[in-house]
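Q: Let me give you the structure first, and then I'll get to my questions.
Protein chains: 2
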Amino acid sequence: MYEVFFSKFNEKVQLSESEEYAVKQFLTPKKLRKRQYLLQEGDICKTVAFIEKGAMRSYIVDSDGQEHIFSFALEGWAIGDLSSFLTEQISTQNIDALEDCELILISKSAHDQMLISVPKYATFFRILMTEAYIALQKRTLSIISMTLDDRYKSFIDQYPDIVQRVPQHMIASHMGLSPETLSRIRSRIGKSQ
Amino acid sequence: MYEVFFSKFNEKVQLSESEEYAVKQFLTPKKLRKRQYLLQEGDICKTVAFIEKGAMRSYIVDSDGQEHIFSFALEGWAIGDLSSFLTEQISTQNIDALEDCELILISKSAHDQMLISVPKYATFFRILMTEAYIALQKRTLSIISMTLDDRYKSFIDQYPDIVQRVPQHMIASHMGLSPETLSRIRSRIGKSQ
DNA sequence: GGCTTATCTTGACTAAAATCAATGGAATTT
DNA sequence: AAATTCCATTGATTTTAGTCAAGATAAGCC
Numbered sequence: 001m002y003e004v005f006f007s008k009f010n011e012k013v014q015l016s017e018s019e020e021y022a023v024k025q026f027l028t029p030k031k032l033r034k035r036q037y038l039l040q041e042g043d044i045c046k047t048v049a050f051i052e053k054g055a056m057r058s059y060i061v062d063s064d065g066q067e068h069i070f071s072f073a074l075e076g077w078a079i080g081d082l083s084s085f086l087t088e089q090i091s092t093q094n095i096d097a098l099e100d101c102e103l104i105l106i107s108k109s110a111h112d113q114m115l116i117s118v119p120k121y122a123t124f125f126r127i128l129m130t131e132a133y134i135a136l137q138k139r140t141l142s143i144i145s146m147t148l149d150d151r152y153k154s155f156i157d158q159y160p161d162i163v164q165r166v167p168q169h170m171i172a173s174h175m176g177l178s179p180e181t182l183s184r185i186r187s188r189i190g191k192s193q
Numbered sequence: 194m195y196e197v198f199f200s201k202f203n204e205k206v207q208l209s210e211s212e213e214y215a216v217k218q219f220l221t222p223k224k225l226r227k228r229q230y231l232l233q234e235g236d237i238c239k240t241v242a243f244i245e246k247g248a249m250r251s252y253i254v255d256s257d258g259q260e261h262i263f264s265f266a267l268e269g270w271a272i273g274d275l276s277s278f279l280t281e282q283i284s285t286q287n288i289d290a291l292e293d294c295e296l297i298l299i300s301k302s303a304h305d306q307m308l309i310s311v312p313k314y315a316t317f318f319r320i321l322m323t324e325a326y327i328a329l330q331k332r333t334l335s336i337i338s339m340t341l342d343d344r345y346k347s348f349i350d351q352y353p354d355i356v357q358r359v360p361q362h363m364i365a366s367h368m369g370l371s372p373e374t375l376s377r378i379r380s381r382i383g384k385s386q
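Below you can see the structure in the form of structure tokens.
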């Protein structure tokens, strides 16, 4: 139930058995069926979800009713609206399951208590945060400097598992493109890739 | 010399005088003239720079020789290629001064030592990191979901000081646009804004 | 199995941004 | 002060992506 989470944790910061036990007290497992929401816009993001199994996405809906996918998350990744989670303000994002999921939830109070009482959690969180920032920076750089063809190539290179498990029109949305345009990019660069 | 830095620090995590003194030992002040580099692509980013005074930018150069500005930083902000800084790999970014600057440099070894020996520095860094992530997330969401006009309006709303101090063609570059297109956006929405 | 949705692709057309080019003005340099 | 460089704007044209529409295939549901 907690294997993926602690394997990720230990990969970043090594925990003793008693520390692992202490952390476990703050975690809540939860299953989510495909299409179920973890968060809906207008609500406050009360938990960060770590994915043990399955696939999720976060997205916003613009004034024309169009969905724009901000992120995907698979096993071993966390998802949540960090801004809403930390400030306890209303979220503009929606988060739902793309497949049946097994999640580990960390509530805001669990997060705050662990930051104080489990120093290694603070370190773990800082490292995840830094990695997330670096990934987002890379994405931003690719948006402002690369051609669409290269951006897509680099996406399938970096996230082949997402390309396999997520419908293409969602990847188009994540890139800020229409599905037709992504389809044309694929035919240009050869679908084999 | 260190006023802005410690005022920012204390705003996030309150330091005692002795803690402030301890942190100060790890800092190096530096002045940079307009157009001087803090980092050039191909080098390893050896320091993060906190800006006491002045303005800086980071950018990458693509295969066609075109510059793409990733970020601006004014007084009270930090700049550096985090990915290169933390992994000590070669950077693809350039960082230079848009105005004469007074900086406070934090080297990688100072950073690593403070993370261990000054717990409040780890907290401070985690908070800055989180804020930077949230800001970048907001930027990404605006790129994938807003019209150019609204993106520019929201930029001048959020960063009026940057709009005032930085040439427009650089703001265009930061938005991933040609200078002509930004000029046309401005005439569309009324320059008064 | 058959029906209904999703999903992807392709074509024709439209809309938007990039590019090319020229101009005028402002700021910097000498 | 004159010369040079930098900067912003505008117009004409080209390129690129979006939109609308139709059709094919696959997946999920009864």
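Going down the list, the sequences are from chains A and B. Take 1 as the starting number for the first sequence in the numbering used here and just add one per residue. Take 194 as the starting number for the second sequence in the numbering used here and just add one per residue. Beta carbons: idealized from backbone N, C-alpha and C, even for Gly.
1) Looking only at its chain, what residues have a beta carbon closer than 7 Å to the beta carbon of B/GLN386, apart from the 5 residues adjacent to it on each side?
2) Is it true that the CB of B/PHE263 sits closer than 8 Å to the CB of B/VAL286?
3) Near A/VAL48, which residues of its chain fall below 8 Å by C-beta distance, leaving aside the five closest residues on each side in sequence?
4) Let me check one thing: in DSSP terms, what residues is B/ASP255 bridge-paired to?
5) What does the Cβ neighbour count give for B/ILE244, buried or exposed, with the cut at 16 atoms within 10 Å?
6) Going straight from the alpha carbon of A/GLU19 to that of A/VAL118, what length do you get?
7) Note down, in chain order, all residues in the stretch 239–271 of chain B with a beta-carbon under 7 Å from any beta-carbon belonging to chain A.
8) Against chain B, does A/SER145 count as a neighbour if the rule is that its beta carbon must be under 8 Å from one of theirs?
9) For my contact list, A/ASP96 and A/LEU15 are in at a C-beta cut-off of 8 Å; report their separation, rounded to the angstrom.
10) Following the continuous alpha helix (DSSP H) through B/TYR230, name the residue where it begins and the one where it ends.
11) Between the stretch 124–138 of chain A and chain B, which residues of the former have CB atoms less than 8 Å from a CB of the latter, in chain order?
12) Just mark A/MET1 as buried or exposed, buried being the case when its beta carbon has 16 or more other beta carbons within 10 Å.
13) Taking all protein chains shown into account, do 16 or more other C-beta atoms lie within 10 angstroms of the C-beta of A/GLY54, making it buried, or fewer, making it exposed?
14) In angstroms with no decimal places, state the Cα-to-Cα distance between A/GLU99 and A/GLU41.
15) Under the assumption that B/ILE336 contacts B/SER284 (Cβ atoms under 8 Å), give the Cβ distance between them as a whole number of angstroms.
16) Counting only Cβ pairs nearer than 8 Å, list the residues of chain B close to A/LEU82.
17) Taking C-alpha atoms, which residue in A/GLN164, A/THR147, A/ASP64 and A/PHE6 lies nearest to A/MET175?
A: So, from the data block:
1) Below a pLDDT of 50, predicted positions are generally treated as unreliable, and B/GLN386, at 43, falls in that range; no measurement from the model is reported.
2) Val is not the amino acid found at residue 286 of chain B; the sequence shown has Gln there. Taking 8 Å as the Cβ cut-off, B/GLN286 and B/PHE263 qualify as a contacting pair.
3) ALA78, ILE79, GLY80, LEU82, PHE85, LEU105, ILE106 and HIS111
4) Looking at the DSSP assignment, B/ASP255 forms no beta bridge with any residue, so it has no partner.
5) buried
6) Those two C-alpha atoms are separated by around 8 Å.
7) Within the stretch 239–271 of chain B, the residues whose Cβ lies closer than 7 Å to some Cβ of chain A are ILE253, ASP255, HIS261 and PHE263, listed in chain order.
8) Chain B, which has a Cβ nearer than 8 Å to the Cβ of A/SER145, makes this yes.
9) That pair is no contact at about 31 Å.
10) Annotation: B/TYR230 is outside any alpha helix (DSSP H); the continuous beta strand (DSSP E) that includes it extends over 230–232.
11) Per Cβ criterion, the list reads PHE125, ARG126, MET129, THR130, ALA132, TYR133, ILE134, LEU136, GLN137 and LYS138.
12) exposed
13) Burial is judged here by how many other beta carbons sit within 10 angstroms of a residue's own beta carbon; A/GLY54 has at least 16 and is buried.
14) 20 Å
15) That pair is no contact at about 23 Å.
16) THR323, TYR326, ILE327 and GLN330
17) A/THR147
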